[in-house]
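Asks: Start counting the sequence shown at 1; every next residue gets the next number (full-length UniProt numbering).
I have a structure here, written as C-alpha cells, and I will follow up with some questions on it.
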Amino acid sequence: MDKRTVVPLDTRTVTCEFLGTLLLVFFAVGSAVLSGEYIGTLGIALAFGFVLLALCYAIGPISGSHVNPAVTLGMLVAGRIDLRRAVEYWVAQMLGGIAGAALLLLVAKQVPGLKVHGAFGTNGYGYRSAVGINIFGAFVAELILTFLLVFVWLAVTHRLAVVGFDGLPIGLALAVIHLVGIPLTGTGVNPARSFGPAVFAGSPALSQVWLFLVAPLAGGALAAVVHELTHPALTALRAARTAAIEAEEAESFVRAENGDTPGPGGGRPEGPAAGA
Numbered sequence: 001m002d003k004r005t006v007v008p009l010d011t012r013t014v015t016c017e018f019l020g021t022l023l024l025v026f027f028a029v030g031s032a033v034l035s036g037e038y039i040g041t042l043g044i045a046l047a048f049g050f051v052l053l054a055l056c057y058a059i060g061p062i063s064g065s066h067v068n069p070a071v072t073l074g075m076l077v078a079g080r081i082d083l084r085r086a087v088e089y090w091v092a093q094m095l096g097g098i099a100g101a102a103l104l105l106l107v108a109k110q111v112p113g114l115k116v117h118g119a120f121g122t123n124g125y126g127y128r129s130a131v132g133i134n135i136f137g138a139f140v141a142e143l144i145l146t147f148l149l150v151f152v153w154l155a156v157t158h159r160l161a162v163v164g165f166d167g168l169p170i171g172l173a174l175a176v177i178h179l180v181g182i183p184l185t186g187t188g189v190n191p192a193r194s195f196g197p198a199v200f201a202g203s204p205a206l207s208q209v210w211l212f213l214v215a216p217l218a219g220g221a222l223a224a225v226v227h228e229l230t231h232p233a234l235t236a237l238r239a240a241r242t243a244a245i246e247a248e249e250a251e252s253f254v255r256a257e258n259g260d261t262p263g264p265g266g267g268r269p270e271g272p273a274a275g276a
C-alpha cells in the first residue's frame, strides 16, 4: 500500500472519546455510587442524561461524543465511519471507562463505610438486580434500551458530529432509558460504562459483565439496520456527503504529503512551477 494513502491517527477525536467516557463514568456512575441514596433513581437518571448532553456540546463537534462502543458500532453499521476509526474509538472508550472508574474508586475510598466490592455502580441480573430480573429479561431489556439510544442518535445527527440541538434529544433519551432500566439491570447500554466499574467491583460484577457488553452492541447494530429502513432517503444523502468529504480529506492529505498547497482557486499553487 502506498504510504501516502494511509490516514494518520486523529489524536483529537480519540482524546475526546477517552476524556468523554472518563467523565461520563466518573460523574454519572459517581452519582449512583456517591449520591444514590440522596438523589434516588430520578436523580441518577438525570445525571446520566445531563452529563451526556454536556459532552455532546463540548466534544460533539469534534468526535461525535459517542463515549459508548454501542453508538460507535451503530455508526459503523450505518456507514457513517470506517472500521479503523471505529476501532480507535472502541479502544479510547474502554480505556476511558476504566480510567473514570479508577478515579471514582479513589474518591469512594475516602468515604468511610462506602461499599465498593460487588456494587460500585455496576450492572447485574438475578440476585444483582433490584427486581430480580432473569438473564433473558436482562438481555432483552439492554438490547431494547440501547436500541432506543442509538436509533435516536442516528436520527438526529448528520454524519458524525453532534451539533446544534442534536444533543438535547440524545441526553433526554439516555435519562428516560435510565428511569426504566435502573430497577431492572442498573442500566448498562454502554459497554465501556459497564466494564470500567466492573473491573474494580470484583468477581460478582465481572461474572455478569459479558451480558452488558454483548446486548448493547447487538442493540446498537439493530438500531442502525432499522434506521436504514425507516430513513432510506436520509441515509443515502448522508452516505453521499460522507463519501465526498472523505474523498476531499484524502486528497488534502496526499497534497500535504507531496508538499503541495492549494492556490486561490483551490488548485495547484501559482507561479512558474504551476505552469510547468
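By construction, the Cβ of each residue, glycine as well, lies at the ideal position given by its N, Cα and C atoms.
Below 8 Å on the Cβ atoms is my guess for Val77 versus Val176; work out the distance and round it to an integer in Å.
Replies: With a contact defined as Cβ atoms closer than 8 Å, Val77 and Val176 miss out at about 23 Å.
Asks: What is the rounded straight-line gap between the Cα of Phe18 and the Cα of Gly220?
Replies: 20 Å
Asks: Should Ser31 and Val162 be called a contact, given that it needs their Cβ atoms to be closer than 7 Å?
Replies: no
Asks: Which same chain residues end up closer than 7 Å to Ala108 when comparing Cβ atoms and leaving out the 5 residues on each side of it in sequence?
Replies: Val33, Leu34, Leu114 and Val116
Asks: Cα separation between residue 303 and Ser63?
Replies: Here the chain covers residues 1 to 276 and nothing more, so residue 303 does not appear.
Asks: Closer than 6 Å by C-beta to Pro183: which residues in its own chain qualify, once you throw out the five before and the five after it? Chain order, please.
Replies: Ala130 and Val131
Asks: How is the alpha helix (DSSP H) around Val209 delimited, first residue to last?
Replies: Neither: Val209 is in no alpha helix (DSSP H) and is coded neither H nor E.
Asks: Identify whether Thr185 lies in helix, strand or coil by the three-state DSSP scheme.
Replies: Collapsing the DSSP output to three states places Thr185 in coil.
Asks: Closest to Thr11 by CA distance: which of Leu24, Ala247 and Glu88 is it?
Replies: Glu88
Asks: Please classify Arg84 as buried or exposed, where buried requires at least 16 neighbouring CB atoms within 10 angstroms.
Replies: exposed
Asks: Pick out whichever of Val71, Ala155 and Gly167 has its Cα sitting closest to the Cα of Phe50.
Replies: Gly167 is the residue among Val71, Ala155 and Gly167 whose C-alpha sits nearest the C-alpha of Phe50.
Asks: For Trp90, which residues in the same chain have their Cβ closer than 7 Å to its Cβ, ignoring the five residues on either side in sequence?
Replies: Residues Pro69 and Thr72 of the same chain have their beta carbon placed closer than 7 Å to that of Trp90, with the five preceding and five following residues left out of the count.
Asks: Exposed or buried, which one is residue 335 when buried takes at least 16 other CB atoms within 10 Å?
Replies: Limits of the chain in this structure are 1 at one end and 276 at the other, which puts residue 335 out of reach.
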